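Asks: Below is one structure. I have some questions about it.
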Amino acid sequence: MFEHKAQFLKRKELKRVQLSKLRRIVSYAYQNVPLFKKRFNEAGVKPGSIRTLDDIEKIPFTVKNDLRDNYPLGVLAVPQTRLYCLHASSGTTGKPIIMAYTRGDLERWSKLMGRSFDVAGVRRGDVVQNMFGYGLFTGGLGFHYGARAVGATIVPTGTGNTKRQLMLMKDLRSRVAASTPSYMIYLCEASRIEGYEPKVDFAVKVGIFGAEPWSEQTRKRIEDVFGLRAHDIYGMSELYGPGVAIECEQRNGLHVWGDEFLVETINPDTGDVLEPGKEGELVFTMLSREAMPLLRYRTRDLSRVFEEECACGRYHPRIQRIKGRSDDMLIIGGVNVFPSQVEHVLMNIPTLGDQYQIIVSHAELDRLAVKVETTPERVNDPNLLKQIQSDLLAVLGIRADVQLVELGTLPRTEVGKARRVIDLRTKE
Ligand SMILES: [Zn+2]
């Protein structure tokens, strides 16, 4: 087992490690990053005010704009000559956020990813097909470092090039597949089109999927087609990258590596800290990052935190699978709609394909339209149409115009994350 001792820290020991690391990182950040010193001073807090884990509530939040406003390297805690690597966020507009890593940061990140691979059942010598994008995005290299840490054999195929992807998956007997869930869903269909019988031709037994929210129904589809066991992994570029949290064999929430991250949930409107088990915005404090410490970073991801021991024997706190990023939430005619809720409904109807599109428009009122693929025989089936409409209404609380289209009509995700939502409303 990889880092067995750290994986199975008892509660008391975990809390002791957390407190000592928290106190150290708070004074380190205060002394070395002007942004934190300024925020602490404004709030009237000194590093010495942090004496217990509960004192974390005294620390001001950090938000994405703090990093953006300090573009490119205004929040460094070390001289630039100590940096080993830089990554950047995938923002579509404006300046990205630059993430910086010292050698120690890269080693810590690799170990967290190594642990996450270990938890998912990846072993030395396993062939890992890494279908995450390499480059500025942290997905590709994060998985690469993790596979290397556990001694697996990495096939760094990256995104796209689906025909070659499938050929290598078969010929190299890949045992582990890592990708976005939307790309794996795409492979379910593409492998059949290319003439493969996935369960027979491929040897993939472990899937590690992340970088976007996905539903239990999507998990089931992927598992049924490939005959693998799928684990959800969580992370974000600001927090090293992937490997912040992963599902153990219980798959009852994702374990956050508590000796490296403190996790809280807050009310996104008031900033109040919530009790464990209550849904709110996830907030992370990185306990050992050297290049770019982050204290109480607001993720905009909505989830719950569970502190109880897991049946797997680990005490690292668990977060519920992410329902959506508060940024992804659509407000349609005053109703909150998460794209993952639409996916949940569609994936529950067996006669539908895996591809769908959500289109929001405005003509006097907000309108929600959903396009989804089905077989040519079903495309004009009024009962199917009615069923989707009533299921969507039941889950979302608003009416959707549903359009059935033939399999293969909607655009596919060959690279990176899926773009399933088209919002045509003009933003004020
Ligand atoms: Zn567990």
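Take 1 as the starting number for the sequence shown in the numbering used here and just add one per residue.
Note that the Cβ used here is the ideal one computed from N, Cα and C, for glycine as well.
The model shown is predicted, which means the values in this text are computed figures rather than measured ones.
1) For ligand 1, any of its heavy atoms closer than 6 Å to the Cβ of Q7?
2) Give me, in chain order, the residues of the same chain whose beta-carbon lies closer than 6 Å to that of R321; leave out the 5 immediate sequence neighbours on both sides.
3) Which two residues bound the contiguous alpha helix (DSSP H) that contains D391?
4) With hydrogens ignored, establish whether the beta-carbon of C310 is closer than 6 Å to any heavy atom of ligand 1.
5) With distances taken Cα to Cα, identify the nearest neighbour of S326 among Y315, P339, P317.
6) Taking the C-alpha atoms as reference points, what is the distance between D126 and A149?
7) Under the three-state reduction of DSSP, which class applies to D224: helix, strand or coil?
8) Mind checking who M99 pairs with in its DSSP beta bridge?
9) For I59 and V45, which I take to be in contact (beta-carbon distance under 8 Å), what is that distance rounded to the nearest angstrom?
10) To which residues of the same chain is C230 closer than 7 Å at the C-beta, ignoring the five residues directly before and after it?
11) Could you spell out the range, first to last residue, of the beta strand (DSSP E) harbouring S340?
12) Y356 bridges to which residues according to DSSP?
13) Between which residues of its own chain and E57 is the CB-CB distance below 7 Å, once the five residues before and five after are set aside?
14) Taking the DSSP output, what are the residues bridged to E197?
15) Report the three-state DSSP secondary structure of T62 (helix, strand or coil).
16) Exposed or buried, Q7, counting other C-beta atoms within 10 Å across all chains shown (16 or more means buried)?
17) With a threshold of 7 Å between beta-carbons, can M292 be considered close to chain C, or not?
18) State the Cα-Cα distance for the pair L282 and G397, rounded to the nearest angstrom.
19) Please tell me whether A245 and V204 are closer than 7 Å, where the distance is taken between their beta carbons.
20) Where do the N-terminal and C-terminal ends of the beta strand (DSSP E) with V263 fall, by residue?
21) Tell me whether Q320 sits in a helix, a strand or coil according to DSSP, three-state version.
22) List the DSSP bridge partners of L365.
23) Let me check you understand the geometry: is the CB of Q250 closer than 6 Å to at least one non-hydrogen atom of ligand 1?
24) Can we count R115 as close to ligand 1, meaning its CB is less than 6 Å from some heavy atom?
25) Per the DSSP calculation, M517 is bridged to which residue(s)?
26) With G146 and F117 assumed to form a contact (beta carbons below 8 Å), what rounded beta-carbon distance in angstroms separates them?
27) Mind the definition here: the stretch 301-319 touches the stretch 239-254 only if three or more C-beta pairs lie below 8 Å; say whether that holds.
28) Suppose the cutoff is 6 Å on Cβ atoms and the five residues either side in sequence are ignored; what does the same chain contact list for I359 look like?
29) If you drop the 5 nearest sequence neighbours on each side, which residues of the same chain put their C-beta closer than 7 Å to that of E249?
30) In or out: P411 buried (at least 16 other Cβ within 10 Å) or exposed?
31) Does the contact criterion of 3 or more C-beta pairs under 8 Å hold for the stretch 17-31 versus the stretch 263-277?
32) How about R425: is its Cβ closer than 6 Å to a heavy atom in ligand 1?
Replies: On the basis of the data shown:
1) As a working mapping, residue 7 is identified with position 7 in the sequence shown. Not under cutoff, so the answer is no.
2) As a first step, residue 321 is located in the sequence shown; it is residue number 321 there, counting from the start. Here the set comprises D232.
3) As a first step, residue 391 is located in the sequence shown; it is residue number 391 there, counting from the start. Taken as a continuous stretch (DSSP letters only), the alpha helix (DSSP H) holding D391 covers 382-396.
4) Residue mapping note: residue 310 aligns to position 310 of the sequence shown, counting from 1. Checking the Cβ of C310 against ligand 1 gives yes.
5) As a working mapping, residue 326 is identified with position 326 in the sequence shown. Of Y315, P339, P317, the residue nearest in Cα terms is P339.
6) Residue numbering aside, residue 126 sits at position 126 when the sequence shown is read from its first letter. Residue numbering aside, residue 149 sits at position 149 when the sequence shown is read from its first letter. Their backbone Cα atoms lie some 12 Å apart in a straight line.
7) To locate residue 224, count along the sequence shown from 1; it is residue 224. Reduced to three states, the DSSP call for D224 is helix.
8) Along the sequence shown, one-based indexing puts residue 99 at 99. Partner(s): H87.
9) As a working mapping, residue 59 is identified with position 59 in the sequence shown. As a working mapping, residue 45 is identified with position 45 in the sequence shown. The pair is a contact, with the Cβ atoms about 7 Å apart (cut-off 8 Å).
10) Taking the sequence shown and counting its residues from 1, the one referred to as residue 230 is at position 230. One detail in the question is off: residue 230 reads as Ala in this sequence, not Cys. Correct list, in chain order: G207, F209, R219, I222, E223.
11) Here residue 340 refers to the residue found at position 340 when the sequence shown is read from its first residue. Where S340 is concerned, there is no enclosing beta strand (DSSP E), although the alpha helix (DSSP H) it sits in stretches over 339-347.
12) For the purposes of this step, residue 356 is taken as residue 356 along the sequence shown, with counting starting at 1. Looking at the DSSP assignment, Y356 forms a beta bridge with V372.
13) Locating residue 57 in the sequence shown gives position 57, where the first residue counts as 1. Contacts found: V273.
14) Taking the sequence shown and counting its residues from 1, the one referred to as residue 197 is at position 197. BP columns for E197 are empty, so no partner.
15) Against the sequence shown, residue 62 aligns to sequence position 62. Three-state DSSP puts T62 in a strand.
16) Counting from one through the sequence shown, the residue named residue 7 turns up at place 7. By the 10 Å Cβ count, Q7 comes out buried.
17) Considering every chain present, this structure includes no chain C. It has just one protein chain.
18) Within the sequence shown, the letter at position 282 stands for residue 282. Within the sequence shown, the letter at position 397 stands for residue 397. Cα to Cα, the separation comes out at about 26 Å.
19) Counting from one through the sequence shown, the residue named residue 245 turns up at place 245. Counting from one through the sequence shown, the residue named residue 204 turns up at place 204. Cβ atoms of A245 and V204: not closer than 7 Å.
20) Indexing the sequence shown from 1 puts residue 263 at position 263. Per DSSP, V263 belongs to the beta strand (DSSP E) from 261-266.
21) What you label residue 320 is simply residue 320 of the sequence shown in a count that begins at 1. Of the three classes helix, strand and coil, the one that applies to Q320 here is coil, per DSSP.
22) Mapped onto the sequence shown, residue 365 falls at position 365. Note: L365 sits in a beta bridge opposite A363.
23) The count along the sequence shown starts at 1 and reaches residue 250 at position 250. Result yes, Cβ under 6 Å from ligand 1.
24) As a first step, residue 115 is located in the sequence shown; it is residue number 115 there, counting from the start. False, no ligand heavy atom lies under 6 Å from that Cβ.
25) Shown here, the chain extends from 1 to 428; a query on residue 517 therefore has no answer.
26) On the sequence shown, residue 146 is found 146 positions in, with the first residue counted as 1. On the sequence shown, residue 117 is found 117 positions in, with the first residue counted as 1. Contact flag correct, Cβ pair sits at about 5 Å.
27) yes
28) What you label residue 359 is simply residue 359 of the sequence shown in a count that begins at 1. Taken in chain order, the residues that qualify are A369, I422.
29) Taking the sequence shown and counting its residues from 1, one reaches residue 249 at position 249. Hits under 7 Å: C312.
30) Walking along the sequence shown from the start, residue 411 turns up at place 411. Its Cβ having fewer than 16 others within 10 Å, P411 is exposed.
31) no
32) Along the sequence shown, one-based indexing puts residue 425 at 425. No, ligand 1 has no heavy atom inside 6 Å of this Cβ.
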